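185 is the number that UniProt numbering gives to position 185 of the sequence shown; each next residue is one higher, with no gaps. See structure below.
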Amino acid sequence: MAYGLGIESSCDETSLAIVEDGEKLISLKIHSQIENHAPYRGVVPELASRAHLEKINPLLEMALVEANLDFKDLSYVSVTSHPGLMGSLLIGASLARCIALVHRLPIIPVNHLEAHLSVLALEGNLPTFPSLGVLLSGGNSSIYIYHGFGKLELIGDTMDDALGEAFDKVSSLLNLPYPGGPFIEKEANGYVAKTPHQSLFPKLLKEAGPDQIGFSFSGLKTAVMYHIKGNQEALNVSQICYDFQNSAFELVLRNVNKAILKTGIRNVIFAGGVLANETLRQRIEEKAKKEKWSSFFPRKKIYCTDNGAMVACLGYYLWKAGETAPIDFLVSPKRKLTK
Ligand code: KG4
1 MAYGLGIESS
11 CDETSLAIVE
21 DGEKLISLKI
31 HSQIENHAPY
41 RGVVPELASR
51 AHLEKINPLL
61 EMALVEANLD
71 FKDLSYVSVT
81 SHPGLMGSLL
91 IGASLARCIA
101 LVHRLPIIPV
111 NHLEAHLSVL
121 ALEGNLPTFP
131 SLGVLLSGGN
141 SSIYIYHGFG
151 KLELIGDTMD
161 DALGEAFDKV
171 SSLLNLPYPG
181 GPFIEKEANG
191 YVAKTPHQSL
201 FPKLLKEAGP
211 DQIGFSFSGL
221 KTAVMYHIKG
231 NQEALNVSQI
241 CYDFQNSAFE
251 LVLRNVNKAI
261 LKTGIRNVIF
271 AGGVLANETL
281 RQRIEEKAKK
291 EKWSSFFPRK
301 KIYCTDNGAM
311 VACLGYYLWK
321 AGETAPIDFL
331 VSPKRKLTK
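Here's what the structure looks like:
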């Protein structure tokens, strides 16, 4: 039996978790910094690193107490090494280095994006490799072939905004709170569409060919802005949110379809904060059923957002494969680790 510690501090959540054998959650502590960043409607890197510094040690203590374990019971310490905000990543990396040095534990640096996909192992729901991985968060909209632990191949990316970022910006245009996702979803749920329904916004990237797997949400954001400017007198916020979601989700599913056709892989993992959206979850399930592919996403919504459990989970499989790192392991804001 192996217990592993996972440390996540790449963006605006400080989180520590202990996982057993990469498949069972023993303890999980998360501190969200939403309150720190809400006045600015986006993550302020300097505030993020300060908040991580303040919270990380108490959370470590709490995670160990909840698990009823001591450092001597741990087999490895895993930590998000990339991508993310540099100052924030360094807080987690420093803690991992201290623990590893003092308690003589192997360090397993993990890719944050892969951790989002691999967390399904904690729900016994990780499909066999290779699978497709679709990451939709505040900082990423991308599609990968997930060949195996530690092996991600990017096959589709965003040209501008990430999907979560588009939710946050549209929410700001509509004077809804930050982060925008849950508020846009709530407004959209309140809209009853007439059939046939004429959308306020155009189909996204409609010229993209079958080989072009990619996202672009900035045009949609601009369309929302012009619609608001031109319709101040009779603004239907619920319909704007409904049509915004429809346009964005249609592009996500169109890209998934292209990725399946291109690779022949029919197991698709969806992950990231936007997967908290019930409408998106339903659309994915309906589409998968209709087109006979299999969809996988975290059942627990806590696993959609940034968390230490996914880090400890991926850390286990990399540790088993001998993927330990030196104490001066690389930390990087980029998606690929290079000096
Ligand atoms: O993965 P995540 O927790 O962290 C970052 O990437 O920072 O994703 C956060 C993003 C935010 O942009 C937020 O608006 C979005 O996920 N989000 C949602 C929902 N809940 C959170 N987007 C759509 N619908 C939701 N219910």
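Idealized CB from N, CA, C, for every residue including glycine. All values derive from a computational prediction rather than experimental measurement.
Output yes or no for whether 7 Å exceeds the beta carbon distance between S295 and V252.
-> no
Decide yes or no for the touch test of the region 254-269 against the region 223-239: beta carbon pairs closer than 8 Å, at least 3 of them.
-> no
Measure the C-alpha to C-alpha separation of H116 and A100 and round it to an integer number of angstroms.
-> 24 Å
Residues near P333 by beta carbon distance below 8 Å, same chain, minus five either side | H82, P83, G84, L85, M86, L89
Taking N111 as part of the beta strand (DSSP E), name the residues at either end of that continuous run.
-> 107-111
Mind the definition here: the region 136-150 touches the region 196-207 only if three or more C-beta pairs lie below 8 Å; say whether that holds.
-> no
Run the proximity test for P177: is its beta-carbon closer than 6 Å to any non-hydrogen atom belonging to ligand 1?
-> no
Is C98 buried or exposed, if buried means 16 or more other CB atoms sit within 10 Å of its CB?
-> Around the beta carbon of C98, a 10 Å sphere encloses fewer than 16 other beta carbons of the protein chains shown; the residue is thus reported as exposed.
State buried or exposed for P298, treating a residue as buried only when at least 16 other CB atoms are found within 10 Å of its CB.
-> Looking at its Cβ environment, which holds 16 or more other Cβ atoms inside 10 Å, P298 is buried.
Out of N189, I26, T338, L64, point me to the one whose CA is closest to Q282's CA.
-> The shortest C-alpha separation from Q282 is found at N189.
Cβ-Cβ distance between G273 and C313 below 7 Å | no
Taking just the CA atoms, how far does A208 sit from M159?
-> Distance between the alpha carbons of M159 and A208 is about 13 Å.
Do the region 65-78 and the region 1-15 meet, that is, are 3 or more Cβ pairs less than 8 Å apart?
-> yes
Three-way DSSP call (helix, strand, coil) for N175 in this model = Residue state for N175 is assigned as coil, using DSSP reduced to three classes.
Could you give the residue range of the alpha helix (DSSP H) that holds E20?
-> DSSP places E20 in no alpha helix (DSSP H) but in the uninterrupted beta strand (DSSP E) bounded by 13-20.
Which class does V331 belong to by DSSP, given the choice of helix, strand or coil?
-> coil
Assuming Y144 contacts L136 under a Cβ cut-off of 8 Å, what Cβ separation, rounded to an integer in Å, is found between them?
-> Y144 to L136, Cβ: 12 Å. No contact.
On the DSSP bridge assignment, give the partners of F296 in chain order.
-> I269.
Could you tell me if the beta carbon of S137 falls within a distance shorter than 6 Å of some heavy atom in ligand 1?
-> yes
Mapping DSSP to helix, strand and coil, what is Y191?
-> coil
Terminal residues of the alpha helix (DSSP H) in which I7 lies = Run containing I7: none in the alpha helix (DSSP H); it sits in the beta strand (DSSP E), 3-8.
Closest Cα partner of L126 within the set L64, M310, E8 = Of L64, M310, E8, the smallest CA-CA separation from L126 is found for M310.
Can A63 and I7 be called in contact, C-beta distance under 7 Å?
-> no
C-alpha gap between F129 and A271, whole angstroms = 16 Å
Taking 6 Å as the cut-off, is the CB of N307 close to at least one heavy atom of ligand 1?
-> no
With DSSP collapsed to three states, give me the class of I145.
-> I145: strand per DSSP, three-state reduction.
Which class does I26 belong to by DSSP, given the choice of helix, strand or coil?
-> If DSSP states are grouped into helix, strand and coil, I26 belongs with the strands.
Reference S9, options I56, L261, L330, P177, closest by Cα | Comparing Cα positions, the closest option is I56.
Quick one: does the C-beta of D161 sit closer than 6 Å to a heavy atom of ligand 1?
-> no
Alpha carbon of N290 to alpha carbon of E114, nearest angstrom = First, the amino acid is wrong: residue 290 is Lys here, not Asn. When rounded, the distance between both Cα atoms is 28 Å.
Does the separation of the CB atoms of Y178 and A276 fall below 7 Å?
-> no
Going by alpha carbons, who is nearest to G133 out of I155, P109, L53?
-> I155
Contact belief for residue 340 with L53 at Cβ below 8 Å, rounded distance in angstroms | The shown model of the chain, from 1 to 339, leaves out residue 340, and the question about it has no answer.
Which word fits E187, buried or exposed, when buried means at least 16 other C-beta atoms lie within 10 angstroms of its C-beta?
-> Classification for E187: buried.
Per-residue DSSP class, three states only, for A276 = Reduced to three states, the DSSP call for A276 is helix.
Leaving out the 5 sequence neighbours to the left and right, which residues in its chain are closer than 8 Å to K169 when beta-carbon positions are compared?
-> D161, G180, K221
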